[in-house]
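Undergrad:
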Amino acid sequence: MKHEWKKQEKEIYGVKTKPCAIDIPALNYIILSGSGNPNDKIFSDKVAVLFSIAYKIKMAYKALAEKSSEITDYSVYPLEGIWSMDSEKEYLVKEELQYRIMIRQPDFITGEMFENAREAVRNWKCNPYLTDVSFETICDGKCIQVLHKGSFDDEPASFEIMDAYCMEHGYRRMGKEHREIYLNHANRTETSNLKTILRYKVTDMEN
2 MKHEWKKQEK
12 EIYGVKTKPC
22 AIDIPALNYI
32 ILSGSGNPND
42 KIFSDKVAVL
52 FSIAYKIKMA
62 YKALAEKSSE
72 ITDYSVYPLE
82 GIWSMDSEKE
92 YLVKEELQYR
102 IMIRQPDFIT
112 GEMFENAREA
122 VRNWKCNPYL
132 TDVSFETICD
142 GKCIQVLHKG
152 SFDDEPASFE
162 IMDAYCMEHG
172 YRRMGKEHRE
182 IYLNHANRTE
192 TSNLKTILRY
202 KVTDMEN
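Sequential numbering from 2 applies to the sequence shown in our numbering.
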C-alpha cells in the first residue's frame with residue numbers, strides 16, 4: 002500500500018478556507034534554518050537540498066520495504082516553513098525574516114535512514130547546506146489553521162480572519178511565529194491558484 006498524505010491525512014492537510022482548531026501531534030521532519038528574503042537564491046538552494054534528501058529517503062525505503070509490509074511506498078510531503086521576524090515593526094520586512102523550512106517524514110522513517118540518505122546525496126550532489134540539515138521531532142499541539150488562496154503577500158487578510166476566530170472561540174495566540182504549508186509549487190502555479198495552509202499555536206484564553 003502507498004501512503005498518500007493528501008488522501009489519508011485530510012484532518013491535517015485537507016484544510017478549508019474557514020478557520021478551525023486542531024491538535025497537531027509530535028511529527029518528524031528534516032529541517033534547515035536560515036534568515037532573509039525567501040525570494041533570494043540561498044532560500045531556493047536550501048529548499049532544493051531538503052527535497053534531494055527527502056526523495057533519497059523515499060527511494061531507499063521503497064527499495065527495502067518488503068512486499069508483505071503494510072506500507073511499501075509513500076508520497077513525499079510538501080514543503081513547510083516556520084516564520085518569524087525579530088523586529089517590532091508592524092509591516093513585513095522580508096530581509097529580517099527568520100525561518101525554519103522543513104519536509105515532514107513518515108513515522109516509520111528513522112534518524113539512521115535520514116543520515117544514510119544525506120550521505121548518499123553528498124556523494125553525488127554538492128550543496129553547502131547538506132551538513133546543516135537535521136532530523137527533528139516537533140509537536141505543535143493546539144493550533145488554529147486556515148487555507149489561504151492566492152499571493153503570499155495577501156496572507157495578512159487570512160491572519161486577520163484567524164485572529165477573529167480566536168477571539169470568538171476563546172483562544173489566545175502563542176508567540177509571533179507561524180507555520181506555512183505549501184500545497185503547490187510557487188514557480189509552477191499561477192499566483193491566484195496558490196494554496197497555503199496557515200497555522201499558529203494557541204492556548205485557551207484563561208491560560
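Backbone N, C-alpha and C fix where the C-beta goes; we use that ideal spot for every residue, glycine too.
List in chain order: all unbroken beta strand (DSSP E) runs of 3+ residues lying wholly within the region 71-144.
TA: The region 71-144 contains these whole beta strand (DSSP E) runs: 80-86, 98-106.
Undergrad: Out of curiosity, what's the CA-to-CA distance linking Leu-135 and Ile-31?
TA: Translated into positions along the sequence shown, residue 135 becomes position 134. Translated into positions along the sequence shown, residue 31 becomes position 30. Per the sequence presented here, residue 135 reads as Ser, with Leu not at that position. So the two alpha carbons sit approximately 6 Å from each other.
Undergrad: Determine whether the beta carbon atoms of Pro-107 and Ile-83 lie at a separation below 9 Å.
TA: Translated into positions along the sequence shown, residue 107 becomes position 106. Translated into positions along the sequence shown, residue 83 becomes position 82. Going by C-beta atoms, Pro-107 is not nearer than 9 Å to Ile-83.
Undergrad: I'd like to check one pair, Gly-176 with Lys-143: are the Cβ atoms closer than 9 Å?
TA: Looking up residue 143 in the sequence shown gives position 142. Looking up residue 176 in the sequence shown gives position 175. For Lys-143 and Gly-176, no; Cβs fall outside 9 Å.
Undergrad: With H, G and I counted as helix, E and B as strand and the rest as coil, what does DSSP make of His-170?
TA: Numbered from 1 along the sequence shown, position 169 holds the residue referred to as residue 170. His-170 falls in the helix class under three-state DSSP.
Undergrad: Go through its chain and collect everything with a Cβ distance to Ala-121's Cβ below 6 Å, but skip five positions before and after it.
TA: Translated into positions along the sequence shown, residue 121 becomes position 120. Cβ within range, chain order: Lys-57.
Undergrad: Looking only at C-alpha atoms, which of Glu-178, Leu-184, Ile-139, Cys-140 sits nearest to Lys-15?
TA: In the sequence shown, residue 15 corresponds to position 14, counting from 1. Before going further, note that residue 15 is Gly rather than Lys in the sequence given. Out of Glu-178, Leu-184, Ile-139, Cys-140, Leu-184 has the C-alpha closest to the C-alpha of Gly-15.
Undergrad: Taking the alpha-carbon positions, what's the Leu-148 to Leu-199 distance?
TA: Your numbering for residue 148 matches position 147 in the sequence shown. Your numbering for residue 199 matches position 198 in the sequence shown. One C-alpha to the other measures close to 6 Å.
Undergrad: Using the three-state DSSP reduction, which class does Ala-66 fall into: helix, strand or coil?
TA: By one-based count along the sequence shown, residue 66 stands at place 65. Ala-66: coil per DSSP, three-state reduction.
Undergrad: Nearest CA to the CA of Val-48: which residue from His-186, Met-206, Thr-204?
TA: Working through the sequence shown from its first residue, we reach residue 48 at position 47. It is His-186 whose Cα lies nearest to the Cα of Val-48.
Undergrad: For His-170, which residues in the same chain have their Cβ closer than 8 Å to its Cβ, ignoring the five residues on either side in sequence?
TA: By one-based count along the sequence shown, residue 170 stands at place 169. Cβ neighbours of His-170 beyond the five flanking positions: Ala-22.
Undergrad: Report yes if the CB atom of Glu-181 is closer than 9 Å to the CB atom of Thr-197, and no otherwise.
TA: Taking the sequence shown and counting its residues from 1, the one referred to as residue 181 is at position 180. Taking the sequence shown and counting its residues from 1, the one referred to as residue 197 is at position 196. Going by C-beta atoms, Glu-181 is nearer than 9 Å to Thr-197.
Undergrad: Going by C-alpha distance, which of Met-86, Thr-111, Thr-18, Phe-153 is nearest Lys-59?
TA: As a first step, residue 59 is located in the sequence shown; it is residue number 58 there, counting from the start. Closest by alpha carbon: Thr-111.
Undergrad: How many Å lie between Tyr-166 and Pro-20 at the Cα?
TA: In the sequence shown, residue 166 corresponds to position 165, counting from 1. In the sequence shown, residue 20 corresponds to position 19, counting from 1. Cα-Cα distance, rounded: 7 Å.
Undergrad: With a CB to CB cut of under 6 Å and the five nearest residues on each side skipped, what residues in its chain are close to Ser-85?
TA: Against the sequence shown, residue 85 aligns to sequence position 84. Cβ neighbours of Ser-85 beyond the five flanking positions: Gln-99, Lys-177, Glu-178.
Undergrad: Quick one: grab the DSSP three-state call for Asn-209.
TA: Only positions 2 to 208 of the chain appear in the structure, and residue 209 is not among them; the question remains open.
Undergrad: Can you tell me whether Pro-129 is buried or exposed, with buried defined as 16 or more other CB within 10 angstroms of its CB?
TA: By 1-based counting over the sequence shown, the position of residue 129 is 128. It is exposed - the Cβ of Pro-129 has fewer than 16 other Cβ atoms within 10 Å.
Undergrad: In this structure, what does DSSP give as the bridge partners for Thr-197?
TA: As a working note, residue 197 is residue 196 in the sequence shown. DSSP lists His-149, Tyr-183 as partners of Thr-197.
Undergrad: Classify Thr-192 as helix, strand or coil using the three-state DSSP reduction.
TA: Here residue 192 is taken as the residue at index 191 of the sequence shown, counted from 1. DSSP places Thr-192 in helix when its eight states are reduced to three.
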